[in-house]
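Okay, structure first, notes after.
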């Protein structure tokens with residue numbers, strides 16, 4: 001290995017185009033996650049470029065990056081759409097999520113080994129959020145969805161496998177939109193609270209098999225809710241979000257079937 005020191009000031013700076021593409025990417029990603037853009041909504045590179053006052057090159061780069069994330073897909077002549085609801089795809093993602101989380105729980109909980117101080121602290125923090133009276137439960141669907149993501153991420157992260165945590169994050173990003181639709185327009189908030197409390201209790205008591213069974217059943221229930229999503233529910237979400245929808249996705253180029 002060379003001992004030559006590299007002067008950080010001599011390294012090339014990110015191009016202006018790259019920084020603009022980054023800004024467009026994160027803005028579009030946020031619009032998808034906040035449901036200002038919904039599955040099936042269509043945009044063009046031209047409308048994105050105009051909206052963010054950039055050329056088509058950074059707009060295209062941002063859209064291609066979203067495509068690699070599994071959030072957007074191109075179709076023809078510079079047209080793009082938010083990946084439509086594909087139940088086979090979501091079934092695959094939920095199957096992967098169940099494998100990740102049950103493995104993480106089995107690694108985390110052993111009936112022969114007491115929980116570490118770090119895990120006990122995590123349980124205390126999560127119980128402070130979820131094990132609360134009905135009157136203190138959060139009712140805003142978007143906020144509960146974010147808390148739900150944090151709950152599952154904390155359990156996987158506590159297993160101490162960085163690759164597993166990274167894989168879990170990728171799955172979470174891909175199912176985030178349908179999960180938010182479920183929390184905002186469905187009726188799963190109280191069930192989520194109750195099931196999270198049961199999972200935490202089983203982990204605290206070091207009930208390995210029960211912990212894994214509860215997390216698997218919890219994920220399967222979420223998967224069943226996703227399967228129940230219909231065009232009607234998606235259209236209801238679109239109507240409700242209309243005042244806050246993305247200005248670069250006019251209704252004339254939106255697909256709802």
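Residue numbers (the numbering used here): 1 to 257. For every residue, glycine included, the Cβ atom is placed at its ideal position computed from N, Cα and C.
| Check | Outcome |
| --- | --- |
| Pull up the CB-CB distance for residue 89 and residue 145, whole angstroms please, since I reckon it's below 8 Å. | About 19 Å separates the two Cβ atoms, so there is no contact after all. |
| Taking just the CA atoms, how far does residue 190 sit from residue 57? | 46 Å |
| For the beta strand (DSSP E) containing residue 81, list its first residue and its last residue. | 79 to 82 |
| Could you have a look at residue 40 and say whether DSSP puts it in helix, strand or coil? | coil |
| Just to confirm the assignment, what range does the alpha helix (DSSP H) spanning residue 46 have? | 45 to 52 |
| Cutting at 7 Å between CB atoms, please list the residues of its own chain near residue 55, excluding the five before and the five after it. | 49 |
| Tell me which residues share the same chain as residue 165 and place their Cβ nearer than 7 Å to its Cβ, disregarding the 5 neighbours each side in the sequence. | 156 and 157 |
| Here's a check: name, in chain order, each residue in its chain whose Cβ is nearer than 8 Å to the Cβ of residue 171, leaving out the five neighbours to either side. | 93, 96, 97 and 100 |
| Beta-carbon separation of residue 32 and residue 177 under 9 Å? | yes |
| So residue 35 is in the alpha helix (DSSP H); what residue range does that whole segment cover? | Neither: residue 35 is in no alpha helix (DSSP H) and is coded neither H nor E. |
| Can you tell me the Cα-Cα spacing of residue 257 and residue 168, whole angstroms? | Confidence is the limiting factor: at residue 257 the pLDDT is only 40, short of 50, which leaves the residue's position unreliable and the question unanswerable from this model. |
| Under 9 Å, do residue 141 and residue 82 count as touching if we go by C-beta distance? | no |
| Can you give me the C-alpha to C-alpha distance between residue 143 and residue 150, rounded to a whole angstrom? | 11 Å |
| Out of 239, 218, 195 and 203, which has the shortest C-alpha to C-alpha gap to residue 106? | 203 |
| Would you report the Cα separation of residue 125 and residue 133, rounded to the nearest angstrom? | 16 Å |
| Just verifying my parser: in three-state terms, what is the DSSP assignment at residue 117? | helix |
| Report, in whole angstroms, the separation of the C-beta atoms of residue 262 and residue 225, which I expect to be a contact under 8 Å. | Nothing can be reported for residue 262: it is not among the residues displayed for the chain, which extend from 1 to 257. |
| Using the three-state DSSP reduction, which class does residue 75 fall into: helix, strand or coil? | coil |
| Using only CA atoms, which one of 147, 186, 195 and 30 lies nearest to residue 236? | 186 |
| Please report the residue range of the alpha helix (DSSP H) in which residue 134 lies. | Taken as a continuous stretch (DSSP letters only), residue 134 belongs to no alpha helix (DSSP H), as it is neither H nor E. |
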